[in-house]
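Start counting the sequence shown at 3; every next residue gets the next number (the working numbering). Think of the CB as a built atom: it goes at the ideal place given N, C-alpha and C, for glycine as much as any other residue. On a predicted model such as this, the values are computed, not experimentally measured, just so you know. Structure, as structure tokens:
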Amino acid sequence: MASQTSGIQQLLAAEKKAAEQVNEARKRKARRLKQAKEEAQQEIEKYREQREQQFRQYEAKHLGSRQDIAQRIEQDATTKSVCDVKPVVHRNVLLVIQALAVSLFSFWNLMCRSHHCGPFVWTTDSCLFVDALFFEVYKQTDRC
């Protein structure tokens, strides 16, 4: 019976040793899985950063930065709002210009009399001058 107990003791010891080996193998497997998961996560992060960098380069190359786009939109809106306003010359401005032209020709008339060259005569050239003066004023009001 002693041999039977020693055989049972050996079986129990072998079973205990086998259980320890199985537990150790499970722990190694869990560590390997955890390590593989961490490595995979690092690779994913590295790949994500690489693709984001490529996207930023593409965006900068083809679209410009977000700030550039915002500035371009702001500039376009400002230009459009300014240029959509139709400038109108007030009729009093034209009357003032006409009065200035008459005064100028009166001054020329006085200068001609003081230099004994005769009175000022309205000619085609003087009318063209007045027309050119009106055109310059109109052109200054149309900036867009």
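By how many angstroms is the C-alpha of residue j removed from the C-alpha of residue i?
i      : j      : result
Glu22  : Lys48  : 39 Å
Glu26  : Phe57  : 46 Å
Arg68  : Ser83  : 22 Å
Thr81  : Ser108 : 43 Å
Lys39  : Ile46  : 10 Å
Ala15  : Ala32  : 26 Å
Arg35  : Gln44  : A small correction: the amino acid at residue 35 is Leu; Arg does not occupy that position in the sequence shown. About 14 Å.
Arg30  : Arg50  : 30 Å
Glu41  : Gln6   : 52 Å
Tyr60  : Ile99  : 57 Å
Gln77  : Val104 : 43 Å
Cys146 : Gln52  : Note that Cys146 scores a pLDDT of 42, beneath 50, so its modelled location is shaky; the value from the coordinates is reported in the next line. C-alpha separation (whole angstroms): 47 Å.
Ala72  : Ala62  : 14 Å
Report all residues from its chain with a CB closer than 8 Å to the CB of residue i; omit the five preceding and five following residues, and keep chain order.
i     : result
Gln11 : none
By Cβ distance, which residues of its chain are closer than 7 Å to residue i, with the 5 residues on each side in sequence left out?
i      : result
Leu102 : none
Ala20  : none
Leaving out five residues before and five after residue i in sequence, what residues of the same chain have Cβ atoms less than 6 Å from its Cβ?
i     : result
Glu54 : none
Using a C-beta cutoff of 8 Å, does residue i count as contacting chain C?
i      : result
Gln100 : Judged by its chain identifiers, the structure shown contains no chain C, having just a single protein chain.
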